[in-house]
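Asks:
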Amino acid sequence: MPSVKKGNDIYEFKNWKRRMQVPYYFVADFEALVMDTPPTDADKDKKTRKVQEQIPCSYSYIKVRYDGVSESQKIFTGENAAQKFVIEMLNEAEAIRNEFRNPMEMMPLTTQEQASYDNAINCWICRNPLDGNKVRDHCHITGMYRGAAHKGCNLDLSIKPREMHIPVIFHNLSGYDGHIIMQGIGAMECEDDIDPIPYNMEKYMAFKL
3 MPSVKKGNDI YEFKNWKRRM QVPYYFVADF EALVMDTPPT DADKDKKTRK VQEQIPCSYS
63 YIKVRYDGVS ESQKIFTGEN AAQKFVIEML NEAEAIRNEF RNPMEMMPLT TQEQASYDNA
123 INCWICRNPL DGNKVRDHCH ITGMYRGAAH KGCNLDLSIK PREMHIPVIF HNLSGYDGHI
183 IMQGIGAMEC EDDIDPIPYN MEKYMAFKL
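Just so we're aligned: the sequence shown equals residues 3 to 211 in our numbering.
1. Look at Met-166 and Arg-99 and say whether their C-beta atoms are less than 8 Å apart.
2. Are at least three pairs of beta-carbons, each pair with one atom in the region 41 to 61 and one in the region 152 to 166, less than 8 Å apart?
3. Is the beta carbon of Ala-189 sitting closer than 8 Å to the one on Ile-199?
4. Which two residues bound the contiguous alpha helix (DSSP H) that contains Met-158?
5. Report the residue ranges of all beta strand (DSSP E) runs contained in full by the region 171 to 200; include only those spanning at least 3 residues, in chain order.
6. Report the three-state DSSP secondary structure of Ser-74 (helix, strand or coil).
7. Can you tell me which of Ile-64, Lys-65, Pro-40 puts its alpha carbon nearest to the alpha carbon of Glu-55?
8. Within the continuous beta strand (DSSP E) that includes Ile-64, where are the two ends?
9. Taking contact to mean 3 or more Cβ pairs, one atom from each stretch, closer than 8 Å, check whether the region 135 to 147 and the region 100 to 112 are in contact.
10. What do you reckon, are the CB atoms on Ala-84 and Ile-182 nearer than 8 Å?
11. Rounded to a whole number of angstroms, what is the C-alpha to C-alpha distance between Val-88 and Gly-186?
12. Can you check DSSP and say which residues form a bridge with Tyr-206?
13. Going by the beta-carbon positions, is the gap between Val-29 and Ile-171 smaller than 8 Å?
14. Exposed or buried, Gly-180, counting other C-beta atoms within 10 Å across all chains shown (16 or more means buried)?
15. Spell out the partners DSSP gives Trp-138 in its beta bridges.
16. Return helix, strand or coil for Ala-122, following the three-state DSSP convention.
17. Taking only the alpha-carbon atoms, compute the straight-line gap between Pro-110 and Asn-124 and give it to the nearest angstrom.
18. Could you give the residue range of the beta strand (DSSP E) that holds Ala-30?
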């Protein structure tokens with residue numbers, strides 16, 4: 003058994019910003035046409051050949067805020083659907099980051115919220131006692147008051163636009179949609195780094211762009 007030094011035998015959660023929900027996420031889906039692939043002279047000497055190909059022709063997605071408020075569904079049908087989807091997601095992500103560069107100011111506290119703040123003795127973020135360094139924490143999207151907090155905890159909880167992650171959720175990313183997206187990224191000659199979490203060389207559980 004490894005030895006433990008006295009005073010270092012307690013582990014506790016300290017990364018308080020991980021308690022924050024992602025501000026927005028997207029739910030998306032692709033549709034494709036199954037097209038016959040005509041034989042070629044090169045196929046004559048092959049034991050197997052491709053007879054059909056799935057061509058992405060449409061996608062739809064919906065943007066959802068952390069509190070469940072969603073925007074209307076967006077649908078695209080046409081050529082180069084995979085490339086257009088990647089471009090649209092990058093544009094959506096940049097719009098969200100711009101929103102956080104100009105955060106909404108805190109709304110005036112209600113009588114009940116003010117009383118809660120005045121009577122608060124523990125930081126709502128780290129749960130530790132407030133030591134006179136008390137500030138009002140609020141949501142930068144809605145402007146709603148969240149609770150009394152230490153000034154340091156409040157700053158730690160703030161979202162840095164360039165560091166924020168915006169999830170895009172698919173029902174079958176690893177088995178289907180992920181292949182379409184990768185083809186779209188490849189066709190665009192995208193210069194951004196792709197950071198995958200792979201099942202194997204062909205399937206990805208998730209990837210970050």
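The beta-carbon is built from N, C-alpha and C at its ideal position, and this holds for glycine as well. As the structure is a prediction and not an experimental result, all values here were calculated from the model.
Replies: Well, looking at it:
1. yes
2. no
3. Result no, Cβ atoms of Ala-189 and Ile-199 do not sit closer than 8 Å.
4. Here residue 158 is Asp; the residue named in the question, Met, does not match the sequence. 153 to 159 is the extent of the alpha helix (DSSP H) around Asp-158.
5. 197 to 200
6. coil
7. Pro-40
8. Counting along the chain, the beta strand (DSSP E) containing Ile-64 begins and ends at 54 to 67.
9. Taking 8 Å as the limit for Cβ pairs, the verdict is that the region 100 to 112 does touch the region 135 to 147.
10. yes
11. Whole-angstrom Cα-Cα distance: 7 Å.
12. Pro-200
13. For Val-29 and Ile-171, yes; Cβs fall inside 8 Å.
14. Under this definition Gly-180 is a buried residue.
15. With the sequence shown as reference, residue 138 is identified as Arg, and Trp is not the correct amino acid for it. In the DSSP output, where bridge partners are listed per residue, Arg-138 has Ala-150.
16. coil
17. 22 Å
18. 26 to 38
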